[in-house]
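First residue of the sequence shown: 83, per the working numbering; consecutive thereafter.
The C-beta atom is built at its ideal place from N, Cα and C for all residues, glycine as well.
Quick caveat, the model's predicted, so the values are computed rather than measured.
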Amino acid sequence: MFKSTISSKGQVTIPKEIRDYLNLMEGDTVVFQYNTEGKVHIDKQIIFIDCPVCFGSGIIENDNKGCYMCDEKKVIPNNIFAFKLINEIKWRKYRISYTLSHHTMDSNEEVYELSIPRFSLRSDLYGLDSLAAGNDYIQMKLIQEYAPRRVQDPEQYAIPSDIVLAEITSLLTETSSKREVTTWFRA
83 MFKSTISSKG QVTIPKEIRD YLNLMEGDTV VFQYNTEGKV HIDKQIIFID
133 CPVCFGSGII ENDNKGCYMC DEKKVIPNNI FAFKLINEIK WRKYRISYTL
183 SHHTMDSNEE VYELSIPRFS LRSDLYGLDS LAAGNDYIQM KLIQEYAPRR
233 VQDPEQYAIP SDIVLAEITS LLTETSSKRE VTTWFRA
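Have a look at this one:
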């Protein structure tokens, strides 16, 4: 349990552990809700964006099928953790399977932990292009969450070597995604 005091202006400082848990940044809006039992719940306000797979149409034009990423609702939450997004998508409804790997095996058959989890999609109904957009979107969220940060400024990414950057971008399939991720580290 964490504690905070109320200032004379009625302001409350949210403890760092809670800010980190909710991924709260300066300028974010916080929503307070209460129930009949007198419990107050705090959460980060969800901001929605056009779906990156169907571009806000609800239909994937390449396959002329409903969009699996937004469940044909045309929008997805923007400020959501990758694992929460993965759990909210209705993969079975759209007959898509995913693999999320935290470990891999090297040529000597030794298992080691990946610094950034590897995500991949597979389906018999959707084409590779349709899956690539969703795959890259989620993989980019994982990169944002797991990429090494600077010690002096945890908001900034550490500057990786060219080899490490190549490993990070190899997790992505589309050239535009690789370019965008490269700019995160080489800006």
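Check, Outcome
"Of all the beta strand (DSSP E) runs that stay within the bounds of the segment 164-212, which reach a length of 3 or more residues?", "178-187, 193-205"
"Which two residues bound the contiguous beta strand (DSSP E) that contains F130?", "130-132"
"How far does the alpha helix (DSSP H) with K260 in it reach, from first residue to last?", "257-267"
"Say whether the segment 132-147 touches the segment 208-222, bearing in mind that this needs 3 or more beta-carbon pairs closer than 8 Å, one atom from each stretch.", "yes"
"Hey, could you find the ends of the beta strand (DSSP E) I60 is sitting in?", "Any answer about residue 60 is impossible in this case: the structure gives the chain only from 83 up to 269."
"Once DSSP output is grouped into helix, strand and coil, what is the label at Q115?", "strand"
"Please state whether DSSP places K85 in a helix, a strand or coil.", "coil"
"With a Cβ-Cβ cutoff of 7 Å, do I225 and I245 count as a contact?", "no"
"What does the alpha-carbon distance come out to for the pair D132 and P242?", "31 Å"
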